[in-house]
Amino acid sequence: MTQRTPLFDRQVAAGARIVDFGGWTMPLHYGSQLDEHHVVRQAAGIFDVSHMTVIDVDGADAETYLQTLLANDVARLKSPGRGLYSCMLSHSGGIVDDLIAYRRDSGEFRIVVNAATRESDLAWMDSVAGDCAVTLTERPGSIMLAVQGPEACERAAPLLPDSLRAAALGLTPFGCVEGEGWFIARTGYTGEDGWEIIVGAEAGLVLWDAAVAAGIRPCGLGARDTLRLEAGLCLYGQDMDQGTSPLVSNLAWTVAWDPDKRNFVGRQALEDERKQTDAHKLVGLILDDRGIMRPGQRVITAAGAGVVTSGGFSPTLRRSIALARIPGMAAESCQVEIRAARRVAKIVRPPFVRYGKILVDLPGGHLEI
Amino acid sequence: MSEVPDNLKYSSEHEWVRLEDDGSVVVGITDHAQAALGELVYVEVPEAGQTFNKGDACIVVESVKAASDVYAPVSGACQAANPALGDAPELVNQSPYEGGWLVRLQPSDPAELDELMDAEAYARLLAESGG
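The following block contains the structure:
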């Protein structure tokens with residue numbers, strides 16, 4: 001039985017094409033995925049992400065627990081109201097999930113993990129907790145909305161409680177503020193400015209209606225996927241999973257090696273993996289040629305074979321882009337097997353697009369697509 | 001409810017075929033098919049002169065979601081592909097029966113045209129499949 005978010009009826013009324021996603025019925029698009037993509041790059045869109053799993057981590061040992069659970073180090077959050085991106089790893093260094101961890105006003109923590117991994121995450125977090133003085137409390141039933149785009153904060157600010165508005169507008173990336181049952185973070189999954197807002201169901205419905213009335217366009221999972229791909233952000237279960245480590249997922253920057261003595265789960269395996277000289281890496285690809293790269297397609301490089309993990313059409317670049325896992329020594333260009341043909345692609349460092357700007361050199365200069 | 005023009009023939013794979021005065025046929029995908037595929041971002045068409053048997057995959061349409069084959073509704077040789085699709089694959093979504101046509105074929109066995117459905121039969125197929 002699939003679950004619905006509190007916004008389901010509104011989405012259907014707004015013309016959403018509904019799909020099953022990780023056990024949830026979610027909007028794929030509201031008419032045009034491409035238009036929704038562009039509106040987020042150029043103005044403002046709103047995504048219902050209430051399917052995400054919110055877990056509060058409280059107790060005397062909360063900080064030391066998260067320092068064990070996460071590959072990134074929550075001690076880097078020097079003050080309440082800050083968050084960071086991290087993976088939680090298995091003992092063999094594989095990625096159990098990716099998440100954002102926030103240090104809250106109360107000096108305790110909130111983490112947001114993926115929807116599809118909810119049950120395995122909770123079981124894993126429980127098992128790592130052991131005898132720690134820590135309480136894990138899931139916060140289901142809330143609404144989580146992402147307003148994203150260069151105009152998102154400006155348009156959504158009047159809809160926030162008066163007491164939080166100035167603080168929310170003053171947030172820097174990965175900052176958060178809360179009060180009156182609202183939790184507002186300057187985060188997102190699109191490569192644009194914006195907020196992710198967690199709020200009770202009743203206030204969330206009011207916020208959705210007001211945001212739409214303020215010209216913030218409802219956007220579905222389809223646009224969310226192409227926006228995150230352009231932003232070079234990994235999707236759990238596709239670009240990374242239990243079989244891949246952060247080191248081969250372009251996420252080495254999220255592993256806090258210092259201090260040496262912090263023995264997070266998976267550390268030993270990562271230390272061993274780090275010494276390997278034939279490791280793979282996750283890179284960006286831009287197709288020189290016409291055609292569309294798709295997940296699972298084989299990549300041929302001078303240093304060996306790899307695979308496309310995410311691929312599709314980039315509405316901003318107007319050509320196909322991909323994330324691919326390829327041999328570490330591969331450089332410059334490769335070939336991608338698209339059905340019967342081998343097509344040339346350029347190897348680049350993601351992101352492709354950030355804050356509305358194209359950050360990569362396009363092969364062949366101007367496009368004729 | 002998707003549009004099914006009376007003057008066309010249809011395949012069960014949701015292609016339409018229009019017989020021209022010179023005996024060639026213009027082929028495209030139906031309104032139902034374009035709606036099911038979603039927004040198209042790339043169309044790979046055959047070269048002029050390439051020949052196909054009925055049922056062969058002859059065109060690839062790529063949407064924001066996935067790649068799908070389009071099958072030759074009749075046997076024949078490709079005479080031309082729609083030159084507008086290179087820059088504007090969205091024409092297939094916007095105008096599946098006119099501006100978004102895919103290829104023009106010269107049928108090698110005109111009798112195959114009689115095996116295709118008329119508009120009434122195709123509309124019935126859609127209704128029966130819930131489309």
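Taken in sequence, the protein lines are chains X and L.
The opening position of the first sequence corresponds to residue 1 in the working numbering, with each subsequent residue numbered one higher.
The opening position of the second sequence corresponds to residue 1 in the working numbering, with each subsequent residue numbered one higher.
The C-beta atom is built at its ideal place from N, Cα and C for all residues, glycine as well.
Source: prediction; values computed, not measured.
- request: For P107(L), I'd like the list of residues in its chain whose CB is within less than 8 Å of its CB, leaving aside the five on either flank, ordered along the chain.
  value: A distance below 8 Å between beta-carbons, with the five flanking residues on each side excluded, links P107(L) to the following residues of its chain, in chain order: G23, S24, V25, V74, S75, G76 and L113.
- request: Say whether the stretch 43-62 of chain X touches the stretch 159-173 of chain X, bearing in mind that this needs 3 or more beta-carbon pairs closer than 8 Å, one atom from each stretch.
  value: No: fewer than three Cβ pairs fall under 8 Å.
message: Can you list, in chain order, the residues of its chain with a C-beta nearer than 6 Å to that of V39(X)? Leave out the 5 residues immediately preceding and following it.
response: In its chain, beyond the 5 residues on either side, G45 and R217 have a beta carbon closer than 6 Å to the beta carbon of V39(X).
message: So for F109(X), helix, strand or coil by DSSP?
response: In the structure shown, the three-state DSSP call for F109(X) is strand.
message: So, with DSSP's three-state summary, where would you put T5(X)?
response: In this structure, T5(X) counts as coil in the three-state DSSP scheme.
- prompt: With which residues is K357(X) paired in a DSSP beta bridge?
  reply: Answer is R354(X).
- prompt: For W24(X), which option in D48(X), R110(X) and V299(X) has the closest C-alpha, if you only look at C-alpha atoms?
  reply: Selected option, being the one with the closest Cα: D48(X).
query: Looking at the unbroken beta strand (DSSP E) that takes in Y71(L), where does it start and where does it end?
result: Where Y71(L) is concerned, the enclosing beta strand (DSSP E) stretches over A67 to Y71.
query: In whole angstroms, what is the alpha-carbon distance linking G31(X) and R17(X)?
result: G31(X) and R17(X): Cα-Cα distance of roughly 7 Å.
task: Compare the C-alpha of V360(X) against each of A157(X), I286(X), S50(X) and G266(X) and name the closest.
output: The residue with the shortest Cα to Cα distance from V360(X) is I286(X).
- prompt: Can you name the residues that DSSP bridges to R325(X)?
  reply: Its beta-bridge partners are L282(X) and V307(X).
message: Buried or exposed for T2(X), going by 16 or more other Cβ atoms inside 10 Å?
response: Counting Cβ neighbours within 10 Å, T2(X) comes out exposed, since fewer than 16 surround it.
- request: Determine the burial state of H29(X): buried for a count of at least 16 other Cβ atoms within 10 Å of its Cβ, exposed for fewer.
  value: It counts as buried.
task: State yes or no: is the beta carbon of E20(L) nearer than 8 Å to at least one beta carbon in chain X?
output: The C-beta of E20(L) comes no closer than 8 Å to any C-beta of chain X.
- request: Alpha carbon to alpha carbon, how far is V70(L) from T51(L)? Give it in angstroms, no decimals.
  value: Those two C-alpha atoms are separated by around 14 Å.
field: Close Cβ partners of A119(L) (< 6 Å) along its chain, the five nearest in sequence each way excluded
entry: Correct list, in chain order: V4 and D6.
- prompt: How big is the Cα-Cα spacing for G15(X) and E337(X)?
  reply: So the two alpha carbons sit approximately 37 Å from each other.
Bridge partners - M117(L), DSSP secondary structure assignment: The secondary-structure analysis by DSSP pairs M117(L) across a beta bridge with Y10(L).
message: Would A67(L) pass as an interface residue toward chain X - the criterion being a Cβ-Cβ separation below 8 Å?
response: For A67(L), the nearest CB of chain X lies under 8 Å from its own CB, placing it at the interface with that chain.
- prompt: Between A231(X) and the rest of its own chain, which residues show a CB-CB distance below 7 Å, the 5 nearest in sequence each way excluded?
  reply: Correct list, in chain order: T190, G191, P351, V353 and R354.
Counted within 10 angstroms of its Cβ, other Cβ atoms place G311(X) as buried (16 or more) or exposed: Answer is buried; the Cβ neighbour count reaches 16.
Partners in chain L for Q33(X), counting only beta-carbon separations shorter than 8 Å: Under the 8 Å cutoff, chain L gives G38, E39 and V64.
task: Starting from F352(X), find everything on chain B with Cβ-Cβ shorter than 8 Å and list it in chain order.
output: Absent from the structure: chain B. Protein chains present are X and L.
- request: Could you please give me the residues that DSSP links to K346(X) through a beta bridge?
  value: Under DSSP, K346(X) takes part in a beta bridge, and its partners are I286(X) and S333(X).
Neighbour-count burial assignment, E62(L), 16 or more Cβ in a 10 Å radius: Note on E62(L): 16 or more other CB atoms within 10 angstroms of its CB, so buried under the neighbour-count rule.
query: Hey, quick one: how far does the beta strand (DSSP E) through D56(X) stretch, first residue to last?
result: Taken as a continuous stretch (DSSP letters only), the beta strand (DSSP E) holding D56(X) covers T53 to D58.
query: Taking just the CA atoms, how far does I184(X) sit from D56(L)?
result: D56(L) and I184(X): Cα-Cα distance of roughly 54 Å.
Segment contact flag, the stretch 264-271 of chain X with the stretch 316-333 of chain X, C-beta cutoff 8 Å, min 3 pairs: Result no; under three Cβ-Cβ pairs closer than 8 Å.
- prompt: Do you know offhand how far P6(X)'s Cα is from L91(L)'s?
  reply: Rounded to the nearest angstrom, the two C-alpha atoms are 36 Å apart.
- prompt: Roughly how many angstroms lie between the CA atoms of G49(L) and Q33(X), to the nearest whole one?
  reply: Our two residues, G49(L) and Q33(X), have alpha carbons roughly 36 Å apart in a direct line.
task: Could you check what DSSP says for S29(X) in three-state terms: helix, strand or coil?
output: In the sequence as displayed, the identity of residue 29(X) is His instead of Ser. In the structure shown, H29(X) falls within a strand segment according to DSSP collapsed to helix, strand and coil.
message: Am I right that R343(X) and G291(X) are in contact with their C-beta atoms under 8 Å? What's the rounded C-beta distance?
response: The C-beta distance from R343(X) to G291(X) rounds to 5 Å, short enough to fall under 8 Å.
message: Can you look up R18(L) in the DSSP assignment and give me helix, strand or coil?
response: In the structure shown, R18(L) sits in a strand (DSSP, three-state: E or B).
field: Whole beta strand (DSSP E) elements within the stretch 130-178 of chain X, 3-residue minimum
entry: Fully enclosed beta strand (DSSP E) runs of 3 or longer: 135-138 and 143-148.
- request: Could you check if D21(L) is buried or exposed, using at least 16 other CB atoms within 10 Å of its CB as the buried criterion?
  value: Label assigned to D21(L): exposed.
task: Could you please tell me which residues of the stretch 277-301 of chain X, in chain order, have their CB closer than 8 Å to any CB of chain L?
output: Within the stretch 277-301 of chain X, the residues whose Cβ lies closer than 8 Å to some Cβ of chain L are R290, G291, I292 and R294, listed in chain order.
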